[in-house]
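To keep things clear, I will list the structure first and then write my remarks on it.
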Amino acid sequence: MKLQKNKKAQAAMEFLMTYGWAILIVLVAVAALAYFGVIDQSKRIPEICLFEPGLDCIETAVVDASADSVTFMLINNRGSTITIKALTDDVNDECDSPTMMGCTGTSCTPQNTPFTAVNNAKIRFVVTCGGTDIVPGRFKLNPIIVYSTSASLDLNRTAPGQIVARVS
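Under the working numbering, read the sequence shown as residues 78 to 245, first letter to last.
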């Protein structure tokens with residue numbers, strides 16, 4: 078009877094080892110496909126453009142790797158005219174020493190701050206990442222807009238944002 082228990086244990090062990098090797102081979106094959114670029118994960122990166130309510134993203138950001146710049150559009154839905162006083166960024170993003178400019182209107186040339194945006198105006202921001210080489214894949218930017226409303230010109234408000242885009 079003891080001999081029969083050992084044979085069952087051996088059969089179970091051989092069964093598990095066979096499946097274990099099969100799973101290991103599949104994992105190695107998937108890793109090799111990902112390493113050599115057959116499985117491209119950059120196409121699965123969600124594009125995000127988020128700001129506080131009232132400063133709404135119109136579309137996702139456009140990243141120009143050759144110019145090391147990011148362009149994004151917001152619309153002023155605050156209900157009043159706002160004055161954009163400054164544009165900065167969070168240090169935890171992928172843009173070193175950014176230069177940020179913005180403008181409003183249909184054919185606007187980005188300018189330094191401050192500038193005003195009436196209610197429902199589209200605002201275009203161009204962020205140039207000085208010294209940063211934007212590489213293909215995922216790009217993250219955390220811009221911070223400092224603004225004031227027409228009702229309280231002396232009270233500065235901040236609107237932190239988050240932009241995640243794909244770079245091809």
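Every residue, glycine too, gets a C-beta built ideally from N, C-alpha and C.
In this text, all values refer to a predicted model and were calculated from it rather than measured experimentally.
For GLY156, which residues from the same chain have a beta carbon less than 7 Å from its beta carbon, with the 5 sequence-adjacent residues on both sides left out? ASN196
For ALA163 versus THR148, is the C-beta distance shorter than 8 Å? Going by C-beta atoms, ALA163 is not nearer than 8 Å to THR148.
So who's on the other strand from ASP166, going by DSSP bridges? Per DSSP, the beta bridge partners of ASP166 are PRO220.
Per the DSSP calculation, LYS199 is bridged to which residue(s)? ILE152
Residues bridged to CYS134 (per DSSP): LEU151
Could you pull out every residue in the same chain whose Cβ sits closer than 7 Å to the Cβ of TYR224, ignoring the five residues on either side in sequence? ILE159, THR160, ILE161, LYS162, ARG234 and ALA236
Could you pull out every residue in the same chain whose Cβ sits closer than 8 Å to the Cβ of VAL212, ignoring the five residues on either side in sequence? Closer than 8 Å at the Cβ level, and outside the excluded window around VAL212, lie ALA142 and VAL244.
Using a 10 Å radius around the Cβ and a threshold of 16 neighbouring Cβ atoms, would you call PRO220 buried or exposed? buried
Is VAL244 close to chain C? Criterion is C-beta to C-beta, closer than 8 Å. This model lacks chain C altogether, as it is built from one protein chain only.
For ARG121, write down the residues that DSSP places opposite it in a beta bridge. Looking at the DSSP assignment, ARG121 forms no beta bridge with any residue, so it has no partner.
Cβ pair SER146, VAL203 closer than 8 Å: yes
Option in ILE222, ALA144 and SER229 with minimal Cα separation from MET150: ILE222
Alpha carbon of ASN153 to alpha carbon of GLN239, nearest angstrom: Using only the alpha carbons, I get a separation of about 17 Å.
Status (buried if at least 16 other CB within 10 Å, exposed otherwise) for ALA88: exposed
Please classify VAL103 as buried or exposed, where buried requires at least 16 neighbouring CB atoms within 10 angstroms. exposed
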